[in-house]
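Below is one structure, written out as structure tokens, with a few remarks after it.
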Amino acid sequence: RDPGLRFSISTFPIDKREDVRMAYMNMGPFQPKLQKYPSTKYGTQNRRFQFSWISKFPWLEYSISKDKAFCFPCYIFHDKPSKNEAFVVDGRLNAQSSQPILENRLRLKTSIVATKWLAKQAYAFRGHDESVNSLNRGNFIESIKLLATMNEEINKVVLENAPKNAQYIAPKIQKELLNIIANKVRHKIREEVCDAKFCIIVDEAVDESHKEQMAIILRYVDCDGFIQERFFEIVNVDETKALTLKNEICNVLAQYNLLVENLRGQGYDGASNMAGEWNGLQSLFLNDCSYAYYVHYFAHRLQLVLVAVSKEVHEVWLFFSKLSSIINFASASFKRYSELKSTREKEIIDLIALEELETGTGANQVRTLQKAGDTRWSSHFTSVSRFIEMFGATLEVLGKMINDGSSRDMRGEAKSAYREMKSFEFVFILFLLNKTKSLDILNALNYVSSTKRLLQEFQDSGWDDFITSVVSFCEKYDITMLDMSDCYMEVEHHYHFNVINVVIDFQLMELNSRFSEQTVELLTLSSALDPVDGFKSFDIDNIFSLAEKFYPHDFTPNEDYLLINRLICLVLTLSVYTATTERAFSAIKLIKTSLRSKMENEFFFSDCMVIYVEREITDTVDSDSVIDDFYNLKPRKVQLR
Numbered sequence: 001r002d003p004g005l006r007f008s009i010s011t012f013p014i015d016k017r018e019d020v021r022m023a024y025m026n027m028g029p030f031q032p033k034l035q036k037y038p039s040t041k042y043g044t045q046n047r048r049f050q051f052s053w054i055s056k057f058p059w060l061e062y063s064i065s066k067d068k069a070f071c072f073p074c075y076i077f078h079d080k081p082s083k084n085e086a087f088v089v090d091g092r093l094n095a096q097s098s099q100p101i102l103e104n105r106l107r108l109k110t111s112i113v114a115t116k117w118l119a120k121q122a123y124a125f126r127g128h129d130e131s132v133n134s135l136n137r138g139n140f141i142e143s144i145k146l147l148a149t150m151n152e153e154i155n156k157v158v159l160e161n162a163p164k165n166a167q168y169i170a171p172k173i174q175k176e177l178l179n180i181i182a183n184k185v186r187h188k189i190r191e192e193v194c195d196a197k198f199c200i201i202v203d204e205a206v207d208e209s210h211k212e213q214m215a216i217i218l219r220y221v222d223c224d225g226f227i228q229e230r231f232f233e234i235v236n237v238d239e240t241k242a243l244t245l246k247n248e249i250c251n252v253l254a255q256y257n258l259l260v261e262n263l264r265g266q267g268y269d270g271a272s273n274m275a276g277e278w279n280g281l282q283s284l285f286l287n288d289c290s291y292a293y294y295v296h297y298f299a300h301r302l303q304l305v306l307v308a309v310s311k312e313v314h315e316v317w318l319f320f321s322k323l324s325s326i327i328n329f330a331s332a333s334f335k336r337y338s339e340l341k342s343t344r345e346k347e348i349i350d351l352i353a354l355e356e357l358e359t360g361t362g363a364n365q366v367r368t369l370q371k372a373g374d375t376r377w378s379s380h381f382t383s384v385s386r387f388i389e390m391f392g393a394t395l396e397v398l399g400k401m402i403n404d405g406s407s408r409d410m411r412g413e414a415k416s417a418y419r420e421m422k423s424f425e426f427v428f429i430l431f432l433l434n435k436t437k438s439l440d441i442l443n444a445l446n447y448v449s450s451t452k453r454l455l456q457e458f459q460d461s462g463w464d465d466f467i468t469s470v471v472s473f474c475e476k477y478d479i480t481m482l483d484m485s486d487c488y489m490e491v492e493h494h495y496h497f498n499v500i501n502v503v504i505d506f507q508l509m510e511l512n513s514r515f516s517e518q519t520v521e522l523l524t525l526s527s528a529l530d531p532v533d534g535f536k537s538f539d540i541d542n543i544f545s546l547a548e549k550f551y552p553h554d555f556t557p558n559e560d561y562l563l564i565n566r567l568i569c570l571v572l573t574l575s576v577y578t579a580t581t582e583r584a585f586s587a588i589k590l591i592k593t594s595l596r597s598k599m600e601n602e603f604f605f606s607d608c609m610v611i612y613v614e615r616e617i618t619d620t621v622d623s624d625s626v627i628d629d630f631y632n633l634k635p636r637k638v639q640l641r
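Here is the structure:
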């Protein structure tokens, strides 16, 4: 009766075949029940016959001798013998076994989609109560529930409809998926770098949990000739000594086989531990690779020069301290903010009526007061310029508070702020710091030498025009001018030489210390490759000097001019701005908020950062490849392929 041993009906005489068929049909299919069926390896799976299949498929037969399943009706009604009598049954069983795999993959793919979306939006994953009866089970599970409501196939396989041991919603699974996706993004960046020379851009900041975080960005020219600046990694560092930072950076580069000898540029934030001439991080890398030139974002370094003035010159520091107090007090509540806004609106209407303001789309918008930041002169200038713009409205609101303040403390603070604003010295320094920006240091100048020249010109011959603008402003707001006629030399000497000249001298000193001759020369020679105005600045001598002096290792003596493309790529690799670090640290504030400040797993934080900042690459990561990596990571409880 064993279907693997019996003869085909077609081998019997024709007049006996019907009798044989009836005899087998009376006996029924051969379905022996064994205590244990032998197992056979199919790919990565061990498969064996299950007796429970017989209840689902009564036509099924099992051959003890062949360890195969056969189709009983196929044997009865097929006249010709087949070499693959077990083929149909195997196919049906394989189809049945592949269905759970498809369901498992769909379930995991749903979790992958939710993971990618939450990470790209910098959203938190978990909720405080993820139980089945919770009204809000956290962003991750709620995202899966949303996907399930829009697709019935997903709804059949996720959450409560999934096996308890393979729901793919646990925090550990979320972290594994995040890590796989982030690593795929990093590997795509590494593939994009290929064998190109690259620049590292590094910055550091303290996050919400008071941990020091170091962001690493790679800048390079890809195989299509486009400049790429990619966020690569963020590392928690216990200390910010240059050697510690260098070791951490080298570990990241080595992990992805990025060679230090291919380093052709460095960009840092100008802090002493990172940019110090001898002991800083740039010096350590220059010891390993002499062509890893330190050329940082010039606008930022100019900002550092000007911010240094605000910290080191006593009169300027005192001014910003007073300005900050006035701004804090004048806009401390919504009521004061509304009064400032409405007062400024009335002021603008009056000025337009007097034709003292031009009208037009987007003109004369009501702005708010802004505090000065710690490291950006642009924020200091915005604070000063906004305050000048809102000066009249602020004085009027403070005047009302002096008379109508709800408490003695409020009236006293308002009076103190009002007096400061009405002092000549406060207005003088307010205009001095606003004048610094009008020199157009941050936007129009191409070289530091121009900045130095304009500062020097202002110091030598800008006094008369400057003091005239200050006097005009004081007369407009009825601010008492100092009597210069009685002690002209003493008053003029103090403000002209002890204030203005001290500020400018300090700026010039800082400019000279922060911008080395080598850096300025490198950028000057690089300008010979500037394509603006049809390569108007093209200079063969400068191009040869650039290759011979700064990149001798990358050229042989006979190929300098022939490989201008390579030289252009090397120059473009230099970091002259660090916008990506700004985006990265903005992402830190979004990802590691006060509610997520206890994010202990630094790999989880780093993976979230990479996926968020490099969303363009994240979108190219295929879910099926993530599933395969997930399956290969360690043994899983269910089959995924």
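The numbers in the UniProt record's numbering rise by one with no breaks, and the one at position 514 of the sequence shown is 514.
Beta carbons are placed, not taken as given, at the ideal position from N, Cα and C, and that holds for glycine.
When the options are compared against residue i, the one with the closest alpha-carbon
i           : options               : result
residue 633 : 323, 177, 23 and 343  : 177
residue 372 : 401, 395, 147 and 430 : 430
residue 266 : 203, 420 and 387      : 203
residue 428 : 503, 120 and 48       : 503
residue 258 : 418, 198, 616 and 629 : 198
residue 208 : 237, 623, 614 and 591 : 591
residue 293 : 318, 260 and 314      : 260
residue 630 : 183, 415, 229 and 158 : 183
residue 338 : 622, 24, 393 and 322  : 393
residue 369 : 4, 331, 130 and 3     : 331
residue 644 : 286, 340, 245 and 256 : Nothing in the structure corresponds to residue 644, since the chain is present only between 1 and 641.
residue 68  : 289, 38 and 152       : 38
residue 137 : 416, 159, 281 and 119 : 159
Residue interval of the beta strand (DSSP E) (run including residue i)
i           : result
residue 638 : Element bounds for residue 638: n/a, residue is neither H nor E.
residue 214 : 212 to 221
Beta-ladder partner(s) of residue i, from DSSP
i           : result
residue 71  : 60
residue 203 : 215
residue 40  : 47
residue 433 : According to DSSP, residue 433 bridges with nothing at all.
residue 266 : 200 and 294
Cβ neighbour criterion (16 or more within 10 Å) applied to residue i
i           : result
residue 589 : exposed
residue 7   : exposed
residue 154 : buried
residue 344 : buried
residue 440 : Only weak support exists for where residue 440 lies, its pLDDT of 33 falling under 50; the coordinates are left without a value.
residue 9   : buried
residue 241 : exposed
residue 14  : exposed
residue 477 : exposed
residue 353 : exposed
residue 419 : exposed
residue 122 : buried
residue 606 : buried
residue 170 : exposed
residue 383 : buried
residue 135 : exposed
residue 214 : buried
Chain B contact for residue i (CB, 8 Å cutoff)
i           : result
residue 172 : The question asks about chain B, but that chain is absent: this structure has only one protein chain.
First through last residue of the alpha helix (DSSP H) which encompasses residue i
i           : result
residue 122 : Neither: residue 122 is in no alpha helix (DSSP H) and is coded neither H nor E.
residue 148 : 139 to 150
residue 674 : As displayed, the chain neither begins before 1 nor continues past 641, which places residue 674 out of reach and without an answer.
residue 615 : 615 to 618
residue 228 : No alpha helix (DSSP H) contains residue 228, which is instead part of the beta strand (DSSP E) from 227 to 236.
residue 399 : 391 to 404
residue 628 : 623 to 633
residue 2   : First-last for residue 2: undefined, no H or E at that position.
residue 344 : 334 to 353
residue 171 : 171 to 193
residue 314 : 314 to 330
residue 281 : 281 to 288
residue 408 : 408 to 421
Checklist entry - Is there contact between the stretch 213 to 228 and the stretch 185 to 204, where contact requires at least three CB pairs shorter than 8 Å? => result yes
Checklist entry - Do three or more CB pairs link the stretch 140 to 160 to the stretch 107 to 125 at distances below 8 Å? => result yes
Checklist entry - Counting pairs of beta carbons, one from the stretch 47 to 64 and one from the stretch 13 to 26, are three or more of them closer than 8 Å? => result no
Checklist entry - How do the stretch 380 to 395 and the stretch 326 to 341 stand: do at least 3 beta-carbon pairs fall below 8 Å, yes or no? => result yes
Checklist entry - Counting Cβ pairs, one atom from each stretch, are 3 or more of them under 8 Å apart for the stretch 311 to 322 and the stretch 410 to 430? => result yes
Checklist entry - Would the stretch 30 to 41 and the stretch 57 to 69 be scored as touching if the rule is three or more Cβ pairs under 8 Å? => result yes
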